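Trainee: Dumping the structure here so I can ask a few things about it.
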Amino acid sequence: MAKVSVLNVAVLENPSPFHSPFRFEISFECSEALADDLEWKIIYVGSAESEEFDQILDSVLVGPVP
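Heads up, the sequence shown is in my numbering, so the first residue is 1 and it goes up one at a time.
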């Protein structure tokens, strides 16, 4: 069983101007305390065939997560 379950992801201010920052509201629950921070990444998938073309657009650390 997963330690973290994503309950909902809402894209805020959609549509928005091109230069606006990404804004999401992510609801999740943890089944147990996490020893490290939780890292969320926004990844542009350039090709379904290979991770070679994936691009990390942004990332953020959240923690501590009880």
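Note that beta-carbon positions come from the ideal geometry of N, C-alpha and C, so glycine has one too.
Just so it is clear, the structure is predicted and the values come from calculations on it, not from any experiment.
Give me whichever residues DSSP pairs with E39 in a beta bridge.
Mentor: Beta-bridge pairing links E39 to L61.
Trainee: Return the Cβ separation of S5 and F28 in integer angstroms, given the expectation that the two are a contact with Cβ distance under 8 Å.
Mentor: Between F28 and S5 the Cβ distance is about 6 Å, and since that is below 8 Å, they are a contact.
Trainee: Cutting at 6 Å between CB atoms, please list the residues of its own chain near E13, excluding the five before and the five after it.
Mentor: R23.
Trainee: Could you round the C-beta distance between V60 and W40 to whole angstroms and report it? I think they count as a contact, below 8 Å.
Mentor: With a Cβ gap of about 5 Å, V60 and W40 count as contacting.
Trainee: Run through DSSP, which three-state label would E29 get?
Mentor: It is a strand residue.
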